[in-house]
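In the order they appear, the protein sequences are chains A and B.
Under the numbering used here, the first residue of the first sequence is numbered 179, with each subsequent residue one higher.
Under the numbering used here, the first residue of the second sequence is numbered 6, with each subsequent residue one higher.
Note that the Cβ used here is the ideal one computed from N, Cα and C, for glycine as well.
Here the structure comes first, spelled out in structure tokens, and everything after it is commentary.
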Amino acid sequence: MSGQKRKIYFLISVLITVITFPHQIKASYVLPYPSFMPGNKLYSVSEMIDTMQGYWSWGNIAQTKYALSLSDKKLVESKILFEYGQLALGIRALKVSDTRMESLVPLLLDAGLEGKDIDYLVQIVKDASVEHVRVLREIRNELPESVNWSPENESNQVLSMHEIIDRSVGIRENILIKVDAL
Amino acid sequence: MKRAHVIFIGILIIFSIFTYGFVDTHMPSPPLPLLQSMRVAVVQWVLFHRAQAAVLYTSVILCLFGLYSIVLRCKKTEPARKSLIIIVLLGVLSYSAFSYDVFNYIITAKVAYLYKENPYVVMPVEIQNEPNLSFTRASNKVALYGPVWILFTFLPHTLSLGNPWLAMYAFKLAAALLLAVMVLLIRKETGSSWNAYFFALNPLVLVEVLSSGHNDIFMMVLAIAGGILKYDKRRFLSVAGVLLVIASVFVKGATLTLLPVLFIAKTKDLFFRFGFWTMLAVFFITPLREELYPWYAVWFLSFASFLSPKKYRPLQWFCIWFSSGLLLRHAPYIYTGVYEGTSALLRTGVTVLMPGLYFLIAIRKLLHRHANS
Chain A
179 MSGQKRKIYF LISVLITVIT FPHQIKASYV LPYPSFMPGN KLYSVSEMID TMQGYWSWGN
239 IAQTKYALSL SDKKLVESKI LFEYGQLALG IRALKVSDTR MESLVPLLLD AGLEGKDIDY
299 LVQIVKDASV EHVRVLREIR NELPESVNWS PENESNQVLS MHEIIDRSVG IRENILIKVD
359 AL
Chain B
6 MKRAHVIFIG ILIIFSIFTY GFVDTHMPSP PLPLLQSMRV AVVQWVLFHR AQAAVLYTSV
66 ILCLFGLYSI VLRCKKTEPA RKSLIIIVLL GVLSYSAFSY DVFNYIITAK VAYLYKENPY
126 VVMPVEIQNE PNLSFTRASN KVALYGPVWI LFTFLPHTLS LGNPWLAMYA FKLAAALLLA
186 VMVLLIRKET GSSWNAYFFA LNPLVLVEVL SSGHNDIFMM VLAIAGGILK YDKRRFLSVA
246 GVLLVIASVF VKGATLTLLP VLFIAKTKDL FFRFGFWTML AVFFITPLRE ELYPWYAVWF
306 LSFASFLSPK KYRPLQWFCI WFSSGLLLRH APYIYTGVYE GTSALLRTGV TVLMPGLYFL
366 IAIRKLLHRH ANS
């Protein structure tokens with residue numbers, strides 16, 4: 179093999195090695211798969227299980243994990259519902275997600291006051307908040323600013339979709355500021 | 006006979022000191038300076054003289070079983086009460102050398118009672134500044150045992166005063182008290198000291214219950230007491246008995262298999278007989294889930310203690326030989342320092358060797374008897 183060919187093969191193999199060399203990838207926070215949706219026969223059962231899990235998860239760390247997992251679940255549920263045009267149900271699910279997110283900082287504070295080292299939990303909550311904001315902004319882009327909602331047997335109402343989403347984003351951004359101070 | 010008891014205690018003293026050679030390097034200093042000096046000396050010896058340590062361990066176990074057999078074969082078997090107290094104390098004050106389970110019990114109790122978290126939701130490793138994490142294994146799992154056990158651990162946890170050494174001794178003391186309850190049950194039901202000492206002096210029971218502090222004794226006390234009560238003529242005691250057996254299922258699930266036995270066996274004797282075979286079967290199934298752990302032998306040994314030696318002597322002697330094989334499973338780990346590879350093969354070898362020897366001796370005796378008759 180001539181010297182030049184050898185050089186070319188060497189350069190190609192170096193190039194392939196560099197391209198295919200394992201790069202460090204930081205896995206982002208992963209939201210769960212969607213669970214049962216409203217309308218499914220098992221939806222009310224899953225809601226009951228969620229309620230019972232709330233009682234089962236006693237203690238600040240357990241409650242934090244529970245609140246975060248329920249918030250994730252409800253965020254995903256609201257996203258799917260908005261995609262299917264089920265705006266009122268989507269807003270309801272989003273409100274549950276917001277309430278659970280809002281409970282996280284007091285829980286983390288209490289856990290810290292009890293002397294528990296919860297740095298890893300704080301990081302998880304931060305990652306979750308960042309991911310929630312990303313998903314909410316995606317949802318906001320797909321939704322109109324406001325919608326004239328006319329449910330059956332009920333009066334018309336104007337749903338300010340962007341305002342609702344912005345409020346949810348605001349809650350998560352607030353959490354990011356507060357956990358940094360913990 | 007008194008000499009046998011004295012030698013038994015002497016060997017137990019050697020064993021108790023030997024266990025301090027396995028103190029985890031991350032454990033803080035023990036409360037007594039004497040124990041710390043002993044720890045330093047023995048750890049050095051065990052770590053750098055593994056072969057000798059394994060030989061010592063094997064010799065200790067074989068001697069204990071030899072003396073135990075002599076005590077059982079002699080008609081006058083009762084060791085003095087003082088001897089029994091010393092044996093229990095030696096077991097409780099030894100270090101939990103061959104299993105980290107007691108540290109798992111301690112940390113789970115802390116999660117539940119000190120940190121007030123649900124131990125079935127929060128793993129000990131999630132409380133990152135918990136000091137016991139450095140010397141506890143399986144801390145990346147939620148509670149492995151039932152709620153009845155978690156409730157029971159409130160007592161030893163309270164006695165521990167936050168010190169890991171006191172916690173270890175408190176859990177082992179609890180195991181000792183439960184062992185005493187089991188021995189009393191055996192004595193009361195069988196009316197025989199032989200049966201009581203068959204269980205109480207079995208070196209496997211002494212090592213795995215007193216020294217390692219395993220909670221299988223709690224499960225079996227509940228199951229056996231429940232079984233005894235179930236056959237009482239008074240209805241409320243009978244119901245209480247069933248509830249106790251159900252409670253034992255919520256310690257470790259193994260006694261779930263006893264629930265049908267409770268109703269199939271029409272008498273207490275049948276319960277003990279069927280219970281023995283059921284727990285022996287469950288014991289042999291456990292390797293499918295994980296591994297054959299020596300301390301699981303407490304399950305069938307408890308029932309074997311209630312069987313009449315007049316009818317079941319060969320079976321009870323098989324249990325003794327099998328116990329020795331199971332306890333010798335620790336020897337390969339002492340020699341190699343690991344559980345995998347050659348150690349795993351050696352472990353299987355010693356487990357099979359002792360009952361294998363028993364069968365050879367039994368067959369030889371049978372053939373000899375046949376030849377003479």
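Membership of residue 199 of chain B in the alpha helix (DSSP H) is indicated by the continuous run 198–205. Within the segment 237–258 of chain A, 237, 238, 239, 240, 243 and 244 place their CB atoms closer than 8 Å to a CB of chain B, listed in sequence order.
Any Cβ of chain B closer than 9 Å to the Cβ of residue 228 of chain A would place that residue at the interface, and such an atom is absent.
Chain-ordered listing is empty here: chain B has no CB closer than 7 Å to the CB of residue 191 of chain A, the nearest sitting near 37 Å. Shortest Cα-Cα distance from residue 360 of chain B to any of B:345, B:340, B:344 and B:332 involves B:332. Boundaries of the beta strand (DSSP E) harbouring residue 326 of chain A: 325–327, taken from the DSSP string.
Shown here, residue 335 of chain A sits in a strand according to DSSP, grouped into three states. For residue 273 of chain B, the enclosing alpha helix (DSSP H) starts and ends at 273–294. Runs of the alpha helix (DSSP H) lying entirely within the segment 36–86 of chain B, each at least 4 residues long, are 38–53 and 55–78 in chain order. Contact annotation: residue 88 of chain B and residue 177 of chain B have beta-carbon atoms that are not nearer than 9 Å. With a threshold of 9 Å between beta carbons, residue 294 of chain A makes contact with chain B. Considering only A:255, A:221, A:339 and A:350, the residue with the shortest C-alpha distance to residue 283 of chain A is A:350. Look at the segment 130–185 of chain B and you find these whole runs of alpha helix (DSSP H), each 4 residues long or longer: 152–157 and 159–165. In the same chain as residue 221 of chain B, and ignoring 5 residues on each side of it, the C-beta atoms closer than 6 Å to its own belong to 300 and 303, in chain order. Residue state for residue 218 of chain A is assigned as strand, using DSSP reduced to three classes. Sequence-distant Cβ neighbours of residue 99 of chain B in its own chain, meaning closer than 6 Å and more than five residues away, are 21, 24 and 216. Under the three-state reduction of DSSP output, residue 242 of chain A falls in the helix class. Residue environment: residue 213 of chain B is assigned as buried (16 or more neighbouring CB atoms within 10 Å of its CB, all protein chains considered). In the three-state reduction of the DSSP assignment, residue 346 of chain B falls in the coil class, being assigned neither a helical nor a strand state. Put simply, the segment 116–133 of chain B does not touch the segment 31–47 of chain B. Fewer than three CB pairs are less than 8 Å apart. If you look at residue 224 of chain B, you'll find it in the alpha helix (DSSP H) that goes 221–235. Residue 121 of chain B has a beta carbon lying within less than 9 Å of a beta carbon in chain A. By the rule that beta-carbons nearer than 9 Å mark a contact, residue 291 of chain A does not touch chain B.
Using a Cβ-Cβ distance cut-off of 8 Å, the segment 220–235 of chain A and the segment 187–200 of chain A are not in contact, since fewer than three pairs of beta carbons, one from each stretch, lie closer than that value. By the Cβ test, the segment 67–75 of chain B is not in contact with the segment 106–117 of chain B, since fewer than three Cβ pairs between them sit closer than 8 Å. In the DSSP assignment, residue 110 of chain B falls within the unbroken alpha helix (DSSP H) covering 106–114.
In this structure the segment 368–377 of chain B does not touch the segment 126–139 of chain B; the number of beta carbon pairs closer than 8 Å is below three.
Scanning its chain for C-beta atoms nearer than 6 Å, with the 5 sequence neighbours on each side dropped, one finds around residue 62 of chain B the residues 336 and 339, in chain order. Out of B:272, B:183 and B:112, the CA that lies nearest to the CA of residue 170 of chain B is found in B:112. What residue 168 of chain B touches in chain A, judged by beta-carbon distance under 9 Å, is nothing: the nearest beta carbon there is about 17 Å away. Residue 172 of chain B sits close to residue 114 of chain B, with the two beta carbons spaced by under 9 Å.
Residue 90 of chain B sits exposed, since fewer than 16 C-beta atoms from the chains shown fall within 10 Å of its C-beta.
Between residue 127 of chain B and chain A, the shortest Cβ-Cβ separation is below 9 Å. C-alpha of residue 9 of chain B to C-alpha of residue 76 of chain B: approximately 7 Å in a straight line.
Buried is the label assigned to residue 208 of chain B, since at least 16 other Cβ atoms lie within 10 Å of its Cβ.
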